[in-house]
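Here's the structure, in structure tokens; my notes come after.
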Amino acid sequence: MTDVDSVDFFTDNELLRDPYPYFAALRGECPLRREKHHDVVMVTGYEEAVTIYNDTERFSSCNSVTGPFPGFPVPLEGDDISELIAAHRDELPLSDQLPTFDPPVHADHRALLARMITPKRLAENEEFMWRLADRQYDEVLRDGRVEFNGEFAQAFAMLVIADLLGVPEEDHAEFRNALLSGSMIGSSDGGSMEHSPLDYLYGKFSEYISDRRETPRGDVLSGIAAATFPDGTVPEVMDAVRVAANLFAAGQETTVRLLSSAVMILAEDPELQARVRADRSLIPGLVEETLRYESPVRGDFRLAKVPVTVGGVELAAGTTVMLVNAALNRDPRKFEDPDTFDIERKNARAHVAFGRGVHACPGAPLARAEAVVSLNRLLDRTSEIWIDEDKHGPAGNRDYRYIPTFILRGLTRLFIRFTPAETAE
Ligand code: HEM
């Protein structure tokens, strides 16, 4: 790549298939390099990005998910824009969602989340995952072909979160219908969130939480309804509803992309697949390396509140930076031979696919468990999987489609074929 300025990362669909040479070219010029189309400083250096992730004094998360879109409502003038942010943050997209909060409000809402999702709940949820994976594979592994995302991963990731929050099983089918029809994640046409799935979740969880506050029933939703802020105050129903609903927005599409990237990598590489089939203890390493190699969240944004120098580069107050996780995870100063997929990479877990600092993904253990469970069961149920060439074309010339958004990385669909495992009758 010769001219990085000719590329508009945010809208250029050409770049979806293989963005990595563009990231390397940016980094080659400077680990903090301004892209001129939307005036965003693209941070592709690992250390530099971790510094920003950890600096909540000087960087705000108010634009975390949508970055330069639709732009700040007023001009960002002056050497300290903290007050402008405070006055206008509610006008930004997703301003009621945890990733966009700053301390100290962020800490309170994050603690509320931690009180809702206890270690005991996570352990029970993992038991549910094994049952759910079995049930879903029973349904879809029938005739030697499966579209992994639509037939398995979407519903799996969604129902895992529904179970985590204690949504009664009789409501699962309704959730499936309401939530699997539209995306809840911003897209490159302006980063707006489609409202209907979130509205649905707000409606449902308002009902659940109000009901459980009135009549506690000793179930998971009653625990969520009773969770308090760290100072003991009881949140408004809507505060609790938002925290719960945010888990679907943050944890569904992301996890689907992790699962399908891992399955694609196994289906593309019969030797690797045979090794993993023979030694399942390799699966957690495979998952970490997949997170590094194909980071499902391509990046998170921050807004500089005051002038700040990072990695020798001066950033004016009001600068939007994108911490490009997908590039940080391929920074050769951190990861040796970064474009090679290596399931035994010693420092794979140092990846920043889940971000860093106070906003680091609280769903990481869940996403990791979902990947381990769904891969293990897929390998149990099949003796071989491979890419469906009728759909994706021949090896070396595959037709893979990636979701057209700047925020996520992953396949829209993954068609695989399989030989069922021999079952002992
Ligand atoms: C492979 C799957 C996932 C990836 C790659 C991922 C990635 C991330 C990243 C990078 C952030 C940090 C955003 C920032 O700093 O601006 C984040 C935050 C968050 N994630 Fe995840 N995530 C995944 C799955 C999940 C799951 C399964 C859940 C919950 C069920 C979840 C819930 C959240 C929440 C609530 C936040 C906001 C935390 C905060 O702002 O304090 N994520 N995630």
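First residue of the sequence shown: 1, per our numbering; consecutive thereafter. For each residue, glycine too, the CB sits at the ideal point set by N, CA and C. Since the structure is predicted, the reported quantities are computational estimates derived from the model, not experimental observations.
Please report how far the alpha carbon of residue i lies from the alpha carbon of residue j, in whole angstroms.
{"i": "LEU315", "j": "VAL256", "result": "35 Å"}
{"i": "ALA24", "j": "ALA395", "result": "25 Å"}
{"i": "ILE52", "j": "ASP3", "result": "27 Å"}
{"i": "VAL243", "j": "GLY299", "result": "22 Å"}
{"i": "LEU303", "j": "VAL41", "result": "10 Å"}
{"i": "SER206", "j": "ASP269", "result": "47 Å"}
{"i": "THR340", "j": "SER261", "result": "15 Å"}
{"i": "ASN54", "j": "GLU253", "result": "26 Å"}
{"i": "VAL297", "j": "ILE407", "result": "6 Å"}
{"i": "THR11", "j": "PHE72", "result": "19 Å"}
{"i": "GLU151", "j": "HIS37", "result": "38 Å"}
{"i": "ASN63", "j": "ILE403", "result": "21 Å"}
{"i": "GLU422", "j": "THR382", "result": "8 Å"}
{"i": "ARG482", "j": "ILE416", "result": "With the chain represented from 1 up to 425, any question about residue 482 goes unanswered, as that position is not in the structure."}
{"i": "ASP39", "j": "GLY410", "result": "25 Å"}
{"i": "ASP5", "j": "THR319", "result": "18 Å"}
{"i": "GLY186", "j": "THR405", "result": "Here GLY186 scores only 38 on pLDDT, less than 50, and its place in the model should not be relied on; the value that follows carries that caveat. Cα to Cα, GLY186 sits roughly 7 Å from THR405."}
{"i": "LEU16", "j": "ARG89", "result": "30 Å"}
{"i": "ASP171", "j": "ASN246", "result": "19 Å"}
{"i": "THR412", "j": "ARG145", "result": "17 Å"}
{"i": "LEU258", "j": "MET264", "result": "10 Å"}
{"i": "PRO21", "j": "GLY363", "result": "30 Å"}
{"i": "ASP426", "j": "ALA86", "result": "Any question about residue 426 goes unanswered here, given that the chain covers just 1 to 425."}
{"i": "ARG135", "j": "ASP337", "result": "40 Å"}
{"i": "LEU26", "j": "LEU282", "result": "33 Å"}
{"i": "VAL358", "j": "GLY393", "result": "43 Å"}
{"i": "GLU214", "j": "ALA226", "result": "10 Å"}
Give me whichever residues DSSP pairs with residue i in a beta bridge.
{"i": "HIS34", "result": "Note on identity: in this sequence residue 34 is Arg, with His being the wrong assignment. Partner(s): VAL41."}
{"i": "GLU370", "result": "Looking at the DSSP assignment, GLU370 forms no beta bridge with any residue, so it has no partner."}
{"i": "MET322", "result": "MET42, PHE301"}
{"i": "ARG145", "result": "ARG417"}
{"i": "SER309", "result": "The sequence as given places Thr at residue 309; Ser does not occur at that position. DSSP output for THR309 lists GLU314 as bridge partner(s)."}
{"i": "PHE59", "result": "ALA304"}
{"i": "THR290", "result": "Answer by DSSP bridge pairing: none, since THR290 is not bridged."}
{"i": "TYR402", "result": "LEU411"}
{"i": "ILE387", "result": "ILE416"}
{"i": "THR382", "result": "PRO420"}
Using a threshold of 8 Å, state whether the C-beta atoms of residue i and residue j are closer than that.
{"i": "PRO230", "j": "ALA111", "result": "yes"}
{"i": "ARG401", "j": "ILE387", "result": "no"}
{"i": "LEU179", "j": "PHE248", "result": "yes"}
{"i": "LEU94", "j": "LEU84", "result": "no"}
{"i": "ALA327", "j": "THR44", "result": "yes"}
{"i": "VAL234", "j": "ILE209", "result": "no"}
{"i": "LEU414", "j": "ASN149", "result": "yes"}
{"i": "PHE335", "j": "ARG292", "result": "yes"}
{"i": "LYS305", "j": "SER61", "result": "no"}
{"i": "ALA153", "j": "VAL373", "result": "no"}
{"i": "MET129", "j": "ALA348", "result": "no"}
{"i": "PRO32", "j": "VAL310", "result": "Looking at the sequence shown, residue 32 is not Pro but Leu. Closer than 8 Å, so yes."}
{"i": "ARG345", "j": "GLU271", "result": "no"}
{"i": "VAL241", "j": "TYR202", "result": "yes"}
{"i": "ALA427", "j": "GLY251", "result": "Summary: the structure shown does not reach residue 427, with the chain confined to residues 1 through 425, and so no result is reported for it."}
{"i": "ILE224", "j": "GLY285", "result": "no"}
Can residue i be considered in contact with the ligand HEM, in the sense that its beta carbon sits closer than 7 Å to one or more heavy atoms?
{"i": "HIS359", "result": "yes"}
{"i": "ASP163", "result": "no"}
{"i": "VAL297", "result": "yes"}
{"i": "HIS106", "result": "yes"}
{"i": "ASP199", "result": "no"}
{"i": "THR254", "result": "yes"}
{"i": "ALA250", "result": "yes"}
{"i": "PRO99", "result": "yes"}
{"i": "ALA350", "result": "no"}
{"i": "PRO362", "result": "yes"}
{"i": "PHE69", "result": "no"}
{"i": "PHE156", "result": "no"}
{"i": "ASP102", "result": "no"}
{"i": "ALA367", "result": "yes"}
{"i": "ASP96", "result": "no"}
{"i": "ALA226", "result": "no"}
{"i": "ARG110", "result": "yes"}
{"i": "PHE354", "result": "yes"}
{"i": "SER64", "result": "yes"}
{"i": "ASN149", "result": "no"}
{"i": "TYR246", "result": "Here residue 246 turns out to be Asn, not Tyr, going by the sequence shown. Because some heavy atom of the ligand HEM lies under 7 Å away, the Cβ of ASN246 counts as near it: yes."}
Whole-angstrom Cβ separation of residue i and residue j, contact assumed at under 8 Å?
{"i": "VAL313", "j": "CYS30", "result": "7 Å"}
{"i": "ARG142", "j": "VAL308", "result": "That belief does not hold up - the Cβ atoms of ARG142 and VAL308 are roughly 56 Å apart, past 8 Å."}
{"i": "VAL287", "j": "PHE301", "result": "That belief does not hold up - the Cβ atoms of VAL287 and PHE301 are roughly 26 Å apart, past 8 Å."}
{"i": "VAL276", "j": "LEU379", "result": "7 Å"}
{"i": "THR419", "j": "GLU389", "result": "In fact, because the Cβ distance is near 15 Å, the residues do not count as touching under 8 Å."}
{"i": "PRO99", "j": "VAL50", "result": "Going by Cβ atoms, the distance from PRO99 to VAL50 rounds to 18 Å, so no, they are not a contact pair."}
Is it the case that the CB of residue i approaches a heavy atom of the ligand SAM more closely than 7 Å?
{"i": "ASN125", "result": "Among the ligands modelled here, namely the ligand HEM, the ligand SAM does not occur."}
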